[in-house]
Amino acid sequence: MAPKFAPMQNDLLLRTARGEKVERPPMWVMRQAGRYLPEYHEAKGNHDFFACCRSPEIASTLTLQPIDRYAGLIDAAIIFSDILVIPQAMGMEVVMVDKKGPHFPHPLSTPEDPQYREVLEREVDVKKELAYVYEAITLTRQKLGGRVPLLGFCGAPWTLLCYMVEGGGSKMYVRAKTWVYKYAKESKRLLQKIAELCVEYLALQVVAGAQMIQVFDSWAGELSPSSFKVFALPYLQYIADHLPDRLRELGEEVVPMTVFAKGAWYALEDLCNTNYSVIGLDWLHDPAEAFSIAQAKGKVLQGNADPGVLYGGKEAISAVVKEMVEGFGGGKQGWIANLGHGITPFVDPDDLRHFFQEIHNHTAGDRK
Ligand code: 1CP
């Protein structure tokens, strides 16, 4: 049976995502539970990153840290986890190297690599393999007690393929490009397999208590407009087309879905034509231009301040917020305030508070 939770005290995010008129825009930031927070380092201690993800107690504690710190300002929690749990569930080893990021000791080399076949043919039990994520979500919903909605997420097929073949972050994407340009057919098979797993994974996150979901296509901008249409968009679309059906099948309500295709500025119209209700924007978009496109298509936007402005001090933050609020039409409808990508390490948490406060000041009268 699906767990029962306390009634929502703040559902601004969900109302905005459904396209409703709101009293002010909801706000949260990507990667809000993370390394810029001293309490994150304290709670994480020497625990391995993925061990934290696998511990519902630690994952829920980390998820709640920004909610406690920015109480009254922040309008959403996002479950502490990582996009790379899907490759792990597919049988690939992934380790998190301190201060460097994720590392796959054995990335997929070519379609002849026996591992490619294994990964494609393996029946992944998404329910069992990722049970720890669902447990963390349920526990976090309980701890939240209805303060703000909880987001679930996954990585998009294209971004996950990049990691699976590159073996980690990359500057040149030599292997990912080799795969899509040389082994297009085999790449598509893998992308489809990942997309199917994403649907099931997201559906089970909703069953566990996630109230909205986001698909992160962090490396979308590595593709050209035409290759995005072949290797990214169809799989993003597959997820948005199939998740609602799967949720209905499971007797769940259909939740709002966000797509964040970083760097794919050229694809805004295409993304507005999908079944995602919210389109996340990076800071390469002019807010006013994007807003007029999205309004015409009945879509909600999320974003999009340059995360780097948080290094610029309070005056710079205030100026960027003002421009952003004006560009997104004042924030009474169709906009979820956020950064244009995840918050980075070394940001002063008080500068993020200033970012939130300034959004409040510009959108909710004299609220301080
Ligand atoms: O607060 C939150 O947003 C929730 C937690 C969260 C999310 C949504 C984490 C925790 N990771 C992610 C998603 C994620 N992971 C993405 C998509 C979003 C984005 O583009 O930022 C990506 C690309 C990853 C992969 C990943 N995991 C990286 C990027 C490395 C690269 O290739 O540049 C890194 C550094 C991680 C580790 C990680 N994940 C999360 C945290 C807090 C950390 C840092 C771990 C640490 O060093 O303590």
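Just so you know, we're using the UniProt record's numbering here: the sequence shown kicks off at 1 and counts up by one. Ideal Cβ positions, reconstructed from N, Cα and C, are used throughout, including at glycine.
Residue i beta carbon near the ligand 1CP (any heavy atom closer than 6 Å)
i: Q32; result: yes
i: I82; result: First, the amino acid is wrong: residue 82 is Asp here, not Ile. Answer for D82: yes, Cβ within range of the ligand 1CP.
i: R35; result: yes
i: I336; result: no
i: residue 395; result: Any question about residue 395 goes unanswered here, given that the chain covers just 1 to 368.
i: G330; result: no
i: S277; result: no
i: I78; result: yes
i: F355; result: no
i: F50; result: no
i: G221; result: no
i: S218; result: yes
i: F153; result: yes
i: G342; result: yes
i: P105; result: no
i: P307; result: no
i: G263; result: no
i: G101; result: yes
i: G169; result: yes
Where residue i falls, given that 16 or more other Cβ within 10 Å makes a residue buried
i: E166; result: buried
i: N250; result: According to the sequence shown, residue 250 is Leu rather than Asn. So L250 ends up on the exposed side.
i: Q9; result: exposed
i: A364; result: exposed
i: E358; result: buried
i: M172; result: exposed
i: N304; result: buried
i: D366; result: Residue placement at D366 is flagged as unreliable, the pLDDT there being 46, under the threshold of 50; the coordinate-derived value follows with that caveat. By the neighbour-count rule (16 or more Cβ atoms within 10 Å), D366 is not buried but exposed.
i: residue 379; result: This structure gives no information on residue 379, because the portion of the chain shown stretches from 1 to 368.
i: F260; result: buried
i: A59; result: buried
i: D82; result: buried
i: A71; result: exposed
i: D48; result: exposed
i: S226; result: exposed
i: S218; result: buried
i: P107; result: buried
Proximal residues to residue i (C-beta, below 7 Å), its chain only, five neighbours per side dropped
i: A290; result: L268, L281 and L301
i: A203; result: L243, R246, L247 and L250
i: residue 370; result: Given that the chain is displayed from residue 1 to residue 368, the structure contains no residue 370 and the question cannot be resolved.
i: R15; result: V22
i: I137; result: I79, L150, G152, Q205, A208, G209 and A210
i: K193; result: L120
i: K143; result: S60 and L64
CB-CB length for residue i against residue j, believed under 8 Å
i: G331; j: P25; result: 3 Å
i: M90; j: V124; result: 6 Å
i: P56; j: E135; result: 4 Å
i: A77; j: L151; result: 7 Å
i: A210; j: P157; result: 19 Å between Cβ atoms; not a contact.
i: V94; j: Q88; result: 5 Å
i: L191; j: Y235; result: 5 Å
i: residue 373; j: V230; result: Residue numbering for the chain in the displayed model covers 1 to 368; residue 373 lies beyond these limits and cannot be assessed.
Cβ-based neighbour list, residue i, same chain, cut-off 6 Å, excluding 5 preceding and 5 following
i: W335; result: P25, L301 and F328
i: K368; result: Because K368 sits at a pLDDT of 43, beneath the cut-off of 50, its placement in the model cannot be relied upon, and the following sentence gives the value as read from the coordinates. Once the five neighbours on either side are set aside, K368 has no close Cβ partner at all.
i: K314; result: H354
i: L13; result: P26, D75, A76 and P149
i: W283; result: N304, D306 and G340
i: A176; result: C162, V165 and E166
Residue i and residue j closer than 7 Å at C-beta
i: N275; j: D306; result: no
i: A184; j: F228; result: no
i: L73; j: A33; result: no
i: P114; j: E186; result: no
i: V320; j: Y201; result: no
i: V29; j: I317; result: no
i: L310; j: D350; result: no
i: G45; j: G101; result: no
i: P345; j: Y36; result: yes
Cutoff 8 Å; reference residue i; Cβ partners in own chain excluding five residues on either side
i: P7; result: G146
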